[in-house]
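**Q** Have a look at the structure that comes next, please.
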């Protein structure tokens, strides 16, 4: 039974007006150190400033000042760099909602003022269009990213509403949204943006303000797409999902970030309008895309050329694109579907994607990022200069900033609000989807209170200890996800011991007294993972995983290139802790008896060694290396 | 011992001033039907007209008229479409050198007049640069393709010299070349073109005219490259081979056509200047590139994104780019190295590349072409409209014309002169490198005459019958290549019977009398080919080849998609002739027990059938299909 979510001024990024599971209010779950606590700190103290400094230095923030001044100016950066400033503002807002750091608050306010000053009197706001010497407004829906950029502005304003209730950025965003309603409403211009994003943004603004015109405009944008309103481009209409209406598609295709943002917006529209068919289309697309077009890390996007999904089972490791933003977008979709359905498979994918496809992006110091994320680095990357803007396509290590730099700011807003996907509540229940180290204190919708301390050492350890910090007063159903990667798990409660299967969830339903403890023990040991044999690129290989972490072999540890290795014996997998997972490796030299690498027969010679693997998300932190996740077997 | 090649007015595209093997003069080898005779006819009667009609219709020829008129005009097509007109002119010249068709001759002369009229008084000739409203001359070496286009003009003029001795296009090209010498000579502008091509063109013009200034300018262009004269682009300096001097590189990298044209030019310069180090660099690059970066078909280029070589053993079937022009360029290089070294491995690669990577391009009617050539078509292509220009990147069947249409005209010039790589001569010898059906009649450099009829039914049959049509008067060494794909072969001569190994050559040295017959019998049966296990994309697969032909499985024959197939039993390969090669196939359905295509174990169910394979070069001729060359094994 879906529950109705009253407008909650303090909340995370997504708050459907009804859902099976309800997001916790902002502040009800607080990280207490551990993996995510440390990364959220690094985001607050390093990444936010890093993004701001770069965008100040290369003029992306200055674009707003120049636009406000009213004189013709040379715009810095590609046409959608406004959106990077907005994503930073969103990240800052989430962080301010938690910490109220005065320095951050004043930086945020200054930045909002500079953005606000560039708004046109009619509400339009974009620094690349509509001024003398610039293309006209709405002259290029295919590539202009106008609605996309304004979508991110609206998302940033929603974060201000949800953390502060109101503020000057909210006023700016409402004027933007009102302008869009006037231009693109039912009787207005029949158009969609080449890059979806305005759709979820408008629904969320509708939810946060109670103004249904915004939701209705989002609905129009979702329904209009798929009818060829966008002009054909080299990559075809499917590049921007305009070849088929969303509700008729059964798999994602085209540009991965676009497809995933659109799906998130479609779910939002479906929920607000009670459109079960539209919601079902999103579930089907998720299901088939995850089954056939998703990497082991949860990454999506097989082609560099058009940043797109490949065909079914087209999942090359070496040419994986796997854009960081697509992983973030995948979690946006999975979270929305988890709220609606309660199905643990969505939480499983969020876990897999967060630890591997998202967190591979930042360098350990938070000052450089991957944009594309390969599972097989064939040649050592180059170290990008710390003070130059990098192109995204080059084989390089993590770079401090990019010409198209969507990923660092997207990561910043994700880290600033990451705990929002950890737990949910129902009338009399609390659901723990992601583990880590955190404290929960929340009043449940049906009455009663939930206070718990969760400690787990996740993702490196497998024991989740949940201790009640309050009496629940009334019976409370505490539900814990048992990860799909666990073949089995053990649950110890005040009422006894249970054995549970992986890929499910288990509930403890009782009146909790302060000090009551529930322990979920998941065997977190290195394991072998086999790919579906229909994945051509992975035939004859296996991967090593440990808990939610995918592991990788780096040349740094092997002492030579990793392209020619063979995993010697699956049984020889050794696990002496998360930092000491080892395998037996042979290095293969082949002879085909031909100048070409093809022959009637192939003979091989091998050289043998034992070598340590590292969590995939940390690869490249020790300097240039070659790396592979899937290891050929004998 | 290299021999010196006197200037020969009638010759094919390449005539080094010295070489171990000497090209036959134009007309000394004439096709007599068979595979190549039919395709050369189709080229003469269909493809040439097809190219001319398209370029007339979409204004690429009209650019020259507009440029000649002197008024500002809107240029049609991308900035290097001049080169397509030049490649057509080159193809027409080779065809006229053989057939003297009056209609073709008058079309050729009209086209030359229109080109000539656009030349500037100082010799510069390009329709995209230097006029009011156009970019300035030499303002964009990275992408402008000015020298590239003029290179193709010069090649077309060389074809006029070699077929007709002289003509108006030669005058135009000499004025162009003199202008380039003035602008880019030793004391001139220190620059190179982003796309090599001017280098082999200038050497050939130097050879054909005896003017060494052109060769010297080519030498300067080769030597200047690799020192960062081109501005950095997103794909890096290696995209246009400007990150490392040619003589220091040991493998090809970057844009495949550029790398191969450059290598061809470097060999030409090395030969004309006696630069053994430069020649050795080209041999090393060929060797390593063929061993690690070449497809089974001979195709080169692993990435769509930048049309580039991949890393070693990065040879995905499904994302193969394998541009038709790169295959043609590979043969340009192999032919040059064959002439210098006499090593049969170069002739072997020419054979493999011609039958598979080049001849997959044209549709069987010669009115549509592949640009990129995949070895694994995962989804059925769309049928491009017959009257519209196609984008090159879309998954489609062969298209009549492209926005960037380098491949059809390149194929036209290749087919018009294809027999030039079939045989060579030495002082007292004749070497047959490629088989087919043709007649040779030539006076040898050391005296004596060679007259032979060659009949083979190649590539479908394996018996090559060489019959003397003249007495050789003096002893003559007739040398026959034994293809590397043959494990063994039989040679019958008037002097007896011999058994010979594949990948070698065998000579018959005697005075030939009219009617003397030499028969080489090569077992032309379907065979299994194994890929080097270091090719990740091909692990656990095999291909089927028959003689020089690579075979493919098409969904048209299987009656369902081919992505999930498994080759059931290698022994079950049946060969009842070139049109009836069959294998046993299972279709696999896999279960991982997870929403993702990865799991602790994988179970499979299969469905079994027997199915016919087709020569890879003919795939797609029966309409949209899915296709794969490498078949997974059990």
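Protein chains in written order, with our numbering: chain B, 218 to 851; chain L, 218 to 851.
The beta carbon of each residue, even a glycine, is placed where N, CA and C say it ideally should be.
Run down chain L in chain order and give the residues with a C-beta less than 8 Å from the C-beta of residue 756 of chain B.
**A** 756, 757, 758, 849
**Q** Under 8 Å between C-beta atoms, does residue 530 of chain B make it to chain L?
**A** yes
**Q** Please list the partners that residue 509 of chain L has in chain B, where partner means a Cβ-to-Cβ separation under 7 Å.
**A** Against chain B, the beta carbon of residue 509 of chain L has neighbours under 7 Å at 814, listed in chain order.
**Q** How big is the Cα-Cα spacing for residue 443 of chain L and residue 266 of chain B?
**A** 40 Å
**Q** Would you mind reading off the limits of the beta strand (DSSP E) that contains residue 642 of chain L?
**A** Annotation: the continuous beta strand (DSSP E) that includes residue 642 of chain L extends over 640-643.
**Q** Rounded to the nearest angstrom, what separates residue 739 of chain B and residue 768 of chain B at their Cα positions?
**A** 18 Å
**Q** How long is the line joining the alpha carbons of residue 701 of chain L and residue 710 of chain L, rounded to whole angstroms?
**A** Taking the straight line from one Cα to the other gives about 21 Å.
**Q** Under the rule that 16 or more other beta-carbon atoms within 10 Å means buried, what is residue 300 of chain B, buried or exposed?
**A** buried
**Q** Counting only Cβ-Cβ distances shorter than 8 Å, please list the residues of the region 737-751 of chain B near chain L, keeping chain order.
**A** 744, 745, 746, 747, 748, 749, 750, 751
**Q** Can the beta-carbon of residue 389 of chain B be found less than 8 Å from the beta-carbon of residue 374 of chain B?
**A** yes
**Q** Please report how far the alpha carbon of residue 352 of chain B lies from the alpha carbon of residue 419 of chain B, in whole angstroms.
**A** Cα to Cα, residue 352 of chain B sits roughly 25 Å from residue 419 of chain B.
**Q** Measure the C-alpha to C-alpha separation of residue 396 of chain L and residue 575 of chain L and round it to an integer number of angstroms.
**A** Distance between the alpha carbons of residue 396 of chain L and residue 575 of chain L: 35 Å.
**Q** Nearest to residue 439 of chain B by alpha carbon, out of B:414, B:541, B:680?
**A** B:414
**Q** Helix, strand or coil for residue 824 of chain L? Go by DSSP, reduced to three states.
**A** In the three-state reduction of the DSSP assignment, residue 824 of chain L falls in the strand class.
**Q** Consider the Cβ of residue 622 of chain L: report whether some Cβ of chain B lies at a distance smaller than 8 Å.
**A** no
**Q** Along chain L, which residues have their Cβ under 8 Å away from the Cβ of residue 807 of chain B?
**A** Neighbours of residue 807 of chain B on chain L, chain order: 749, 750, 751.
**Q** If the cut is a Cβ gap below 7 Å, which residues of chain B does residue 596 of chain L touch?
**A** 528
**Q** In chain L, which residues lie with their C-beta within 7 Å of the C-beta of residue 811 of chain B?
**A** 701
**Q** Residues of chain B with a CB under 8 Å from the CB of residue 590 of chain L: which are they?
**A** Going along chain B, no residue has its Cβ under 8 Å from residue 590 of chain L, so there is no contact; the nearest lies around 16 Å.
**Q** Please indicate yes or no: does the CB of residue 838 of chain B lie closer than 7 Å to some heavy atom of the ligand COA?
**A** Because no ligand of any kind appears in the structure shown, any question about the ligand COA cannot be addressed here.
**Q** Considering only the alpha carbon of each residue, which of L:277, L:626, L:608, L:713 lies closest to residue 298 of chain L?
**A** L:277
**Q** Which same chain residues, not among the five before or five after residue 282 of chain B, have their C-beta less than 8 Å away from its C-beta?
**A** 331, 334, 335
**Q** With a threshold of 16 other CB atoms inside 10 Å of the CB of residue 182 of chain B, please say whether the residue is buried or exposed.
**A** In the structure displayed, chain B extends from 218 to 851; residue 182 of chain B sits before or after that span and is not available.
**Q** State the beta-bridge partners of residue 710 of chain L as determined by DSSP.
**A** L:713
**Q** In the DSSP assignment, find the unbroken alpha helix (DSSP H) run with residue 432 of chain B in it and report its ends.
**A** 429-441
**Q** Considering only residues of the same chain and omitting the five flanking positions on each side of residue 218 of chain B, which have a CB-CB separation below 8 Å?
**A** Per-residue confidence for residue 218 of chain B stands at a pLDDT of 43, beneath the threshold of 50, marking its modelled position as unreliable; the derived number appears in the next sentence. For residue 218 of chain B, where only same-chain residues beyond five positions count, the Cβ hits under 8 Å are 237.
**Q** Taking contact to mean at least 3 C-beta pairs separated by less than 8 Å, is the region 723-734 of chain B in contact with the region 764-783 of chain B?
**A** no
**Q** Taking the alpha-carbon positions, what's the residue 658 of chain L to residue 758 of chain L distance?
**A** If you draw a straight line from the Cα of residue 658 of chain L to the Cα of residue 758 of chain L, it is about 46 Å long.
**Q** If you draw a straight line from the alpha carbon of residue 449 of chain L to that of residue 364 of chain L, how long is it in whole angstroms?
**A** Going by C-alpha positions, residue 449 of chain L is about 19 Å away from residue 364 of chain L.
**Q** Below 8 Å on the Cβ atoms is my contact criterion, and I expect residue 843 of chain L with residue 780 of chain L to pass it. Report the Cβ-Cβ distance as a whole number of Å.
**A** 7 Å
**Q** Within the same chain, show all residues whose beta-carbon is closer than 6 Å to that of residue 682 of chain B, passing over the 5 residues directly before and after it, in chain order.
**A** 672, 736
**Q** Using a Cβ distance threshold of 8 Å, determine whether the region 485-493 of chain B contacts the region 420-429 of chain B, with at least three qualifying pairs required.
**A** yes
**Q** Tell me the DSSP secondary structure of residue 502 of chain L in three-state form.
**A** helix
**Q** Ordered along the chain, which non-local residues of its own chain (more than five positions away) have a Cβ less than 6 Å from that of residue 405 of chain B?
**A** Only residues of its own chain outside the window of five on either side were considered, and among them none has a CB closer than 6 Å to the CB of residue 405 of chain B.
**Q** Just the C-alpha distance for residue 223 of chain B and residue 371 of chain B, rounded to the nearest angstrom, thanks.
**A** Any reading at residue 223 of chain B needs caution, since the residue's pLDDT is 46, under 50, leaving its predicted position unreliable; the model's value is listed next. Using only the alpha carbons, I get a separation of about 21 Å.
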